[in-house]
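Read in order, the letters of the sequence shown correspond to residues 95 to 626 in my numbering. No residue lacks a Cβ here, since even glycine has one placed at the ideal position from N, Cα and C. Keep in mind the model is a prediction, meaning the values are calculated, not measured. Reading through the structure tokens given below for one structure.
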Amino acid sequence: MKDFKKYIKYGLAAVLITGCDTQELHDLNINPQALNQVDLNFIFTSAELGIASNGSSGDNRYIDWRTNIGWCAYAIQQLGNASGGIAPGDKYTVNLETNAAPFEFTYNDQLKNIAEVLKQSGPGGFAEGKYVNMRNAARILRVFSFARLTDFYGSVPYTEANKGTEGIFFPKYDTQDVIYADLLKELDEAAAAMNTSNGDEGFSDADFIYKGDITKWKRFSYSLMLRLAMRISNVDAAKAATYVNKAVAGGVFTSNADNMWVPLADGPSEWVNQNGISRAFDPGDGGQPAFLSATLVNFLKGANANSAADDDPRLMILSSGIGDWAGGVFTPVSVDPLKQKGLPNGYDQAMLDQLEGKPVIASKTYSRINVKMLQDSDPYIIMNYGEVELLLAEAIERKIGSGISGTAKSHYEAGVKASMQMYTPYDASLTVPDAAVTAYLTTYPYGTAKPALEMIGEQMWINKFFNWWEAWNDWRRTGFPKLTPTNYPGNVTNGTIPVRLKYPTSEVAGNPNYQTGATLPDDFTTKVWWDK
Numbered sequence: 095m096k097d098f099k100k101y102i103k104y105g106l107a108a109v110l111i112t113g114c115d116t117q118e119l120h121d122l123n124i125n126p127q128a129l130n131q132v133d134l135n136f137i138f139t140s141a142e143l144g145i146a147s148n149g150s151s152g153d154n155r156y157i158d159w160r161t162n163i164g165w166c167a168y169a170i171q172q173l174g175n176a177s178g179g180i181a182p183g184d185k186y187t188v189n190l191e192t193n194a195a196p197f198e199f200t201y202n203d204q205l206k207n208i209a210e211v212l213k214q215s216g217p218g219g220f221a222e223g224k225y226v227n228m229r230n231a232a233r234i235l236r237v238f239s240f241a242r243l244t245d246f247y248g249s250v251p252y253t254e255a256n257k258g259t260e261g262i263f264f265p266k267y268d269t270q271d272v273i274y275a276d277l278l279k280e281l282d283e284a285a286a287a288m289n290t291s292n293g294d295e296g297f298s299d300a301d302f303i304y305k306g307d308i309t310k311w312k313r314f315s316y317s318l319m320l321r322l323a324m325r326i327s328n329v330d331a332a333k334a335a336t337y338v339n340k341a342v343a344g345g346v347f348t349s350n351a352d353n354m355w356v357p358l359a360d361g362p363s364e365w366v367n368q369n370g371i372s373r374a375f376d377p378g379d380g381g382q383p384a385f386l387s388a389t390l391v392n393f394l395k396g397a398n399a400n401s402a403a404d405d406d407p408r409l410m411i412l413s414s415g416i417g418d419w420a421g422g423v424f425t426p427v428s429v430d431p432l433k434q435k436g437l438p439n440g441y442d443q444a445m446l447d448q449l450e451g452k453p454v455i456a457s458k459t460y461s462r463i464n465v466k467m468l469q470d471s472d473p474y475i476i477m478n479y480g481e482v483e484l485l486l487a488e489a490i491e492r493k494i495g496s497g498i499s500g501t502a503k504s505h506y507e508a509g510v511k512a513s514m515q516m517y518t519p520y521d522a523s524l525t526v527p528d529a530a531v532t533a534y535l536t537t538y539p540y541g542t543a544k545p546a547l548e549m550i551g552e553q554m555w556i557n558k559f560f561n562w563w564e565a566w567n568d569w570r571r572t573g574f575p576k577l578t579p580t581n582y583p584g585n586v587t588n589g590t591i592p593v594r595l596k597y598p599t600s601e602v603a604g605n606p607n608y609q610t611g612a613t614l615p616d617d618f619t620t621k622v623w624w625d626k
């Protein structure tokens, strides 16, 4: 030990004698193998991929399989499932992975990547003052992801979230009203800050959704603002009106060309870059059945089930027909629109057998999702123009905001048309001609067939096919369509449609702030703040 101290002593003396400066000493402590600077372009691309893809950067397949499909699609009665554990939303049962999936994957993948972009492009980051448009696009994506989280659970960690590198390991919870106020502010500021004069810094290459198109990013931001403003309209009409006005003045989607689609691919492997919803339904992989519900099919078939004259043209857009599906190939039993039949919600196999009066083979009895919309390389829809027009129609009907040109009727009809004609990115054959749209609107005139707000709510419900978590949000807020709850034996809601997710057990046990900050009681019937 004495000799070791001697070497230290003389070693330090040698350093001082040779005049080694502070920077050289600092350089001696740098690991030449370590990554000291991250590629923000790569991280931003990963953040975009994470909201849609089956892949290591953000396994949205996990969220889609367990929550978007397993909970929302069944609870909102667009899909039907005779199984139990993989469809808790169908029978109002408990699945721990369904509860945990959005919380765990959104924080640990999507928001983690976004937080890194914001940290490194902000004050003190290596890219401070650069990547201005990318930084603000990341802010918009952050709003999208946090809105999804708070809409599922209510109060969630927000202001202290994703700050582990700052020593915050147990983030506090923020209430939903506080979160929404900041989300709307963020959208307003981010959209205003995006400008072609900011410079590109690789943004157009990193952004594989809009290819760096600032106009489209602004329209997405203001369209998302419109969605969130209308979501709080039942509990804070004044703030809702303020941001509806801001959204309209800023410029929302103007056609289906503005729709936010995340483009995906078949590879490079079966677990990367592929559509999370498609993989969840793949018979050889995800295993979620793809049967349309009786509620949806009956609605699309119209008032006269024995005539195709009043069918919604989306019936055979959303349905492949009745038949077997294996290996990406659909073998039809019937593609006759009149014979389409949905699987009723809340039934198991024995109950279906009793209902039909014979042993039921589901693939020979019930309609399936169109296989053309379930390919691994299909794009993933995030938000569309049809929703925007329907929200504008609702805002006019309810006098939320001002300055919206046109009438509620004109926006409703534009919303229905856009919703019917939005599916061609899946396959060019999924086209609905203008004449078919006109015939449908003539058959079901606005505000005549049913009250106007009910018709808007029903069309919002159909518009959100595949975005079932958003359809669930809309139903909770508006009450439309009028759904009949199921009452499967042993359900945990006493036969009422669930209105929120429970927090993951790991969060309940691991974050001491849960007891004082979470939305309680933590059950499926406790409403979130805006659901009044």
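Checklist entry - What's the C-alpha gap between W555 and G509? => result 12 Å
Next on the checklist: Just to confirm the assignment, what range does the alpha helix (DSSP H) spanning I556 have?
Outcome noted: A546 to N557
Next on the checklist: Considering Cα atoms alone, identify which of D521, D245, V526 and G306 is closest to V465.
Outcome noted: D521
Next on the checklist: Classify T309: buried if its beta carbon has 16 or more other beta carbons within 10 angstroms, exposed otherwise.
Outcome noted: exposed
Item to check | Residue closest to S499, alpha-carbon to alpha-carbon, out of L486, R492 and E507 | outcome: L486
Next on the checklist: DSSP three-state label for A420, please.
Outcome noted: strand
Checklist entry - Within 10 angstroms of its Cβ, does T425 collect 16 or more other Cβ (buried), or is it exposed? => result exposed
Item to check | alpha helix (DSSP H) runs contained entirely in the stretch 147-215, provided each spans 4 or more residues | outcome: Correct list: 154-157, 182-185, 190-199 and 205-215.
Checklist entry - DSSP puts R462 in a beta bridge; with which residues? => result Note: R462 sits in a beta bridge opposite F385 and G415.
Checklist entry - So does N478 have its beta carbon nearer than 7 Å to some heavy atom of the ligand ADP? => result Summarising the ligand content, the structure contains no ligands, and the ligand ADP is consequently not present.
Item to check | C-alpha gap between G219 and R325, whole angstroms | outcome: 35 Å
Checklist entry - Is the distance from the Cβ of L134 to the Cβ of M228 below 8 Å? => result yes
Next on the checklist: Three Cβ pairs or more, each shorter than 8 Å: is that satisfied between the stretch 231-247 and the stretch 273-290?
Outcome noted: yes
Checklist entry - Since W566 is in the alpha helix (DSSP H), which residue starts that stretch and which ends it? => result W562 to T572 is the extent of the alpha helix (DSSP H) around W566.
Next on the checklist: I need the straight-line Cα distance from V342 to P519, nearest angstrom please.
Outcome noted: Taking the straight line from one Cα to the other gives about 27 Å.
Checklist entry - If we count Cβ pairs, one from each stretch, closer than 8 Å, do we get three or more for the stretch 162-171 versus the stretch 184-202? => result With a cut-off of 8 Å, the stretch 184-202 and the stretch 162-171 count as touching, because enough Cβ pairs lie within range.
Next on the checklist: Let me check one thing: in DSSP terms, what residues is W355 bridge-paired to?
Outcome noted: Bridge pairing for W355: I475 [DSSP].
Checklist entry - Helix, strand or coil: how does DSSP classify L524 here? => result coil
Item to check | Rounded C-alpha distance that separates A612 from Y267 | outcome: 6 Å
Checklist entry - A332: buried (16+ other C-beta within 10 angstroms of its C-beta) or exposed? => result exposed
Item to check | P431, DSSP secondary structure in three states | outcome: helix
Next on the checklist: Using a 10 Å radius around the Cβ and a threshold of 16 neighbouring Cβ atoms, would you call E564 buried or exposed?
Outcome noted: buried
Checklist entry - So, is the C-beta of T244 closer than 8 Å to a C-beta in chain B? => result The structure shown contains no chain B, having only a single protein chain.
Next on the checklist: One question on the structure: do I170 and W566 come within less than 8 Å of each other, judged by their Cβ atoms?
Outcome noted: yes
Next on the checklist: By DSSP's criteria, T425 is part of a beta bridge. Which residues make up the other side?
Outcome noted: Under the DSSP definition of a beta bridge, T425 partners with D418.
Item to check | Cβ-based burial, K279 [other Cβ within 10 Å; buried from 16] | outcome: exposed
Checklist entry - Under a Cβ-count criterion, where at least 16 other Cβ atoms within 10 Å of its own Cβ denotes burial, should T590 be classed as buried or exposed? => result exposed
Item to check | W624 - containing alpha helix (DSSP H), residue span | outcome: Looking at the DSSP string, W624 is not in any alpha helix (DSSP H), and its letter there is neither H nor E.
Checklist entry - For Q448, is the classification buried or exposed, using 16 other Cβ atoms within 10 angstroms of its Cβ as the cut-off for buried? => result Answer is exposed; the Cβ neighbour count stays below 16.
Item to check | N207 versus P545 - alpha carbon distance | outcome: Near 44 Å, if we compare the C-alpha coordinates of P545 and N207.
Item to check | Coil, strand or helix - N125 by DSSP | outcome: Reliability fails at N125, whose pLDDT of 48 lies under 50, so the model's placement of it is uncertain and no value is given.
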